[in-house]
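Step one of this worksheet: look at the structure below.
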Amino acid sequence: MDNENRQCIRTAEAAKSANEWDILYVSDAKPEQTKGFSKEFGMHIDRPFFLSSGLPSGRYLDLIGDNIAIKTPNGFKTQQWSFDMKSRTIKSVGKSG
Amino acid sequence: MNLRIYPTSSEWYQIFKFNNGNMVNCKTNKAFDVAGASDTEGANVNTYKLMNRANQKWKIVYVDEADKDATKGFNKEYGFQINKPFYIVSTLPQKRVVEAIGGNNLVIKSLRRNDEGQQFTWDAVSKTIKNVKWSDKSVTITGAGNGPNMQVFTTNSRWF
Numbered sequence: 001m002d003n004e005n006r007q008c009i010r011t012a013e014a015a016k017s018a019n020e021w022d023i024l025y026v027s028d029a030k031p032e033q034t035k036g037f038s039k040e041f042g043m044h045i046d047r048p049f050f051l052s053s054g055l056p057s058g059r060y061l062d063l064i065g066d067n068i069a070i071k072t073p074n075g076f077k078t079q080q081w082s083f084d085m086k087s088r089t090i091k092s093v094g095k096s097g
Numbered sequence: 001m002n003l004r005i006y007p008t009s010s011e012w013y014q015i016f017k018f019n020n021g022n023m024v025n026c027k028t029n030k031a032f033d034v035a036g037a038s039d040t041e042g043a044n045v046n047t048y049k050l051m052n053r054a055n056q057k058w059k060i061v062y063v064d065e066a067d068k069d070a071t072k073g074f075n076k077e078y079g080f081q082i083n084k085p086f087y088i089v090s091t092l093p094q095k096r097v098v099e100a101i102g103g104n105n106l107v108i109k110s111l112r113r114n115d116e117g118q119q120f121t122w123d124a125v126s127k128t129i130k131n132v133k134w135s136d137k138s139v140t141i142t143g144a145g146n147g148p149n150m151q152v153f154t155t156n157s158r159w160f
């Protein structure tokens, strides 16, 4: 099964495509996108953004402690987020965690 | 499932894609979801089965393209002039004004025109009433909104 985190095993019985591999030398690997818009993830890379709720008040995604909630725009960087291509995650600008 | 921040591991439960106004998990396809569709201050955000309703819809507003906050004029929503110092005058007979004693508790005292501890401004960025003398502090309900007293406290823009 072609799933993230799938365990690799040793077997002679697996389907052929599951036990064939290519070697990709690091020096030959395609460089990772480091800026611009990621079509795969739908976000600009390393460009801080607010996430505005589609509910009528349009509040922003924010942090209360480490918990995520919606709050009125308030100028705090806990309302800013950034997509990090290296980790494929959305990081908080206002609080590293 | 509740949403929170946690040290970066790039496990599947930290990977989301923004697609058609939904922020969806790469494995479960569950979306950022305002709990109970509650459009209120501090409403919790979960992940939930993709329903495509308003409480799962989001708009990305890049900071460099966001509207700038107004720095002057009257704010109709909050009823204050922006950044224009004012006194808060009691309508009791002596017409005393609110003062932030020692940058902490709020009491009423006789007006002293040169005392900035008696002056307040409304800040359009944090949406709070700030004290002019203790400018990093805003009018706050004690006890995280549960206490009886009013004070000035470090600005945090929480609902209280």
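Protein sequence lines, in the order shown, are assigned to chains A and B.
With my numbering, the residue at position 33 of the first sequence is 33, and numbering never jumps.
With my numbering, the residue at position 28 of the second sequence is 28, and numbering never jumps.
Glycine included, every Cβ here is placed at the ideal spot set by N, Cα and C.
- Contact between F50/A and V63/B holds, since their C-beta atoms are separated by about 7 Å, short of 8 Å.
- Sequence-ordered contacts of the segment 120 to 134 of chain B with chain A read V125, S126 and K127 [C-beta pairs closer than 7 Å].
- Closest option to F86/B, judged by alpha-carbon separation, among L92/B, E99/B and K76/B: E99/B.
- In this structure, L55/A keeps its C-beta atom at 8 Å or more from the C-beta atom of D67/B.
- Here Y87/B carries a coil assignment [DSSP, helix/strand/coil].
- Listed in chain order, the non-local C-beta contacts of N2/B below 6 Å within the same chain comprise N46, local neighbours out to five positions each way being set aside.
- R47/A has its alpha-carbon roughly 32 Å from the corresponding atom of T121/B.
- Pairing I60/B with D22/A, the inter-Cα distance amounts to about 38 Å.
- When 8 Å is used as the limit between beta carbons, S157/B is near these residues of chain A: K71, T72, N74, G75 and F76, in chain order.
- Look at the segment 52 to 77 of chain B: the residues with a C-beta under 8 Å from a C-beta of chain A are A54, N55, Q56, K57, W58, K59, I60, V61, Y62, V63, D64, A66 and D69.
- The beta carbon of V89/B is closer than 7 Å to those of K95 and V97 in its chain, skipping five residues each way along the sequence.
- Below the 7 Å Cβ cutoff, chain B contributes S10 and I15 as neighbours of R88/A, in chain order.
- Close to chain B, meaning a Cβ-Cβ distance shorter than 9 Å, are the following residues of the segment 47 to 62 of chain A: R47, P48, F49, F50, L51, S52, S53, G54, L55, P56, S57, G58, R59, Y60, L61 and D62.
- Interface annotation, N44/B: in contact with chain A, CB-CB separation under 8 Å.
- Annotation: Cβ neighbours of D66/A in chain B (cutoff 9 Å, chain order): R4, I5 and Y6.
- Shown here for K127/B: same chain residues with a beta carbon closer than 8 Å to its own, the five before and five after excluded, namely Y78 and S157 in chain order.
- Under the three-state reduction of DSSP output, N146/B falls in the coil class, being neither helix nor strand.
- The alpha-carbon separation between L24/A and P31/A amounts to approximately 12 Å.
- Where V132/B is concerned, there is no enclosing beta strand (DSSP E), because DSSP gives it neither an H nor an E.
- Chain B has no Cβ within less than 8 Å of the Cβ of M85/A.
- The Cβ of G36/A sits no closer than 8 Å to any Cβ of chain B.
- Annotated three-state conformation of V97/B is strand, per DSSP.
- Measuring C-alpha to C-alpha distances from T11/A to each of G36/A, E20/A and N5/A identifies E20/A as the nearest.
- Excluding five sequence positions before and after W159/B, the CB atoms of its chain that fall closer than 8 Å to its own CB belong to E41, G42 and G145, given in chain order.
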